[in-house]
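Reviewing the structure listed below.
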Amino acid sequence: MLNTDGPHISVLGREVVEAIAPQPGETIVDGTFGAGGYARAFLGAGPRLVVGIDRDPTAVARGRAFEAEFGARFAMLEGCFGDMESLLAARGIDGVDGVALDLGVSSMQFDEAERGFSFREDGPLDMRMGGPGRTAADIVNETAEEDLANIIYDFGEERASRRIARFIVAARGEAPITRTRTLADIVARAIGRGAERDRIHPATRTFQALRIAVNDELGELDRGLAAAERLLRPGGRLAVVSFHSLEDRAVKRFLSKRAGAEGAPSRHAPVRAGGRAPSFDLLFRGAAKPGDDEIRINPRARSARLRAARRTTAPAFPITEEARR
Ligand SMILES: C[S@@+](CC[C@H](N)C(=O)[O-])C[C@H]1O[C@@H](n2cnc3c(N)ncnc32)[C@H](O)[C@@H]1O
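Each residue of the sequence shown is one higher than the one before, starting from -7 at the first, in the numbering used here.
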C-alpha cells in the first residue's frame, strides 16, 4: 500500500506499480490522478513522463503542485479518461507504455459533505465528480418512476428498486429532494428492516446507482478501456482497480474478449479472440485483491479488485465490437 500526501490512501498501490512496471524512457498515464498516490510511485520508478488525468478540479489543482515538483517529467490534464486520446493528442502524445485506472471516487471526494456522495453526512444531492452536467438531485426529482427504478436496479443492483422509486416519487410530490440525508431517510423508510440483513446502510446501493448515473461511470469505463487499447504500444501495460461488481465485470469481460479467453472453441484450439488475434495478454489470471494487512489499515480497500494485461502487437478491436451489455 502506498501513502500519499492527502487523506486518500492508494488502494493496491504496490500491485499496480508492479503491473505497470514503468521503465526509463516510457510514458505512463494515470487516468484517475486523485491524490496522486499512483503517479508519485510511477515517477519514483523513473519513466520519462507521467501524465495525470482527472475530471475533478481539486485533483487537478493537486496535479499542478506535482508539475511544479517534477517539472517536465509530469503533466496534469483536466478531463475524463474516456477522452484520453484527444487529451493526450492535444499534447502531441499518440502512444503510451502504461495506463492505470483506479475507478470511483477518492476518499477526499467521499468525505466532503458538500460533494453529496455520502449518505452519512448531510449535503447537497450533487455527486458530480467534476464539470457541468446533471446532479443526483436532477435525476431524483425529474426522472419518471419506472426509469428511476431501472437506474437503481441496473447500477445499484438493488432488489427493492421499484419500492424505493415509488417512495422517492411520493416524497418529491411534497417537496423537491435536495439533500443527501433526506434521500437516505426516504430510502431507509422504503426498505425498512430488509437491508439490516446485509449489514450495510440501506441507502448504499441507491447512492451507488445515482453516482454511476450522474458521472456515466460505466460509459466512461468502456471508452477508457477502448482508448487504452488503441494508445498502448506493443508491450504496454493496462492496470484497472475497480470497487464494485458492475465495474469489475466490465473490465473482466473486456479483457477476456481481448485476450481470447472468451469463446475459444476448445482448450486445445489456438486461442483467438472471436476470430481476431488477441490484443492483450493477461498479466495474471483473475483479479488481485488486497491482503488482510491492507484492509486492516484501509477498510475501504476491501472490495477492490485489480486486473492487468499487456498489449500485444495485434491491432485494437474495432469500436463496433464494443458490446458490454
Ligand atoms: C479512487 S481515486 C484515485 C486515487 C489515486 N489512485 C491515488 O492514488 O491518489 C479516483 C479519482 O479518479 C477520478 N475519476 C473518476 N472517474 C474519472 C473519469 N472518468 N475521468 C477522469 N477522472 C475520473 C476521480 O475524480 C478521483 O479523483
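Idealized CB from N, CA, C, for every residue including glycine.
Beta-carbon gap between I45 and L117 smaller than 8 Å: no
With a threshold of 7 Å (Cβ to nearest heavy atom), would H0 be considered close to ligand 1? yes
Spatially closest choice to D94 from I183, I12, R268, D285, by CA coordinates: I12
In the DSSP assignment, what residue or residues form a beta bridge with V206? Answer is none; V206 lacks a bridge partner.
For D89, does the three-state DSSP call read helix, strand or coil? strand
Can you tell me whether M68 is helix, strand or coil according to DSSP? strand
Ligand 1 and G122: does any heavy atom of the ligand fall closer than 7 Å to the residue's C-beta? yes
Roughly how far, in whole angstroms, is the beta-carbon of L356 from the beta-carbon of A293, given that I think they are within contact range, below 8 Å? An answer regarding residue 356 cannot be provided, because it is not within the stretch -7 to 317 covered by the chain.
Determine the closest residue to P318 out of I204, L202, A182, with distance taken between C-alpha atoms. This structure leaves residue 318 out entirely; the chain is present only between -7 and 317.
Whole angstroms is fine: what's the gap from A296's alpha carbon to A306's? 30 Å
What does D94 pair with, by DSSP beta-bridge criteria? V233
Inter-residue Cα distance where the pair is A231 and F272: 12 Å
Using 10 angstroms around the beta-carbon of T(-4), count the other beta-carbons present and answer buried if the total reaches 16, otherwise exposed. Unreliable placement is indicated for T(-4), whose pLDDT of 43 sits below 50; no coordinate value is reported for it.
Could you pull the DSSP bridge partners for V52 from this structure? DSSP, once it has assigned bridges, lists no residue as partnering V52.
Where the beta strand (DSSP E) through L4 begins and ends: Taken as a continuous stretch (DSSP letters only), L4 belongs to no beta strand (DSSP E), as it is neither H nor E.
Distance, A205 Cα to I143 Cα: 7 Å
Is D103 near ligand 1 - that is, is its Cβ less than 7 Å away from at least one heavy atom of it? no
What distance in whole Å lies between the Cβ atoms of V42 and L392, which are believed to be in contact at a cut-off of 8 Å? There is simply no residue 392 to check, as the chain begins at -7 and stops at 317 in what is shown.
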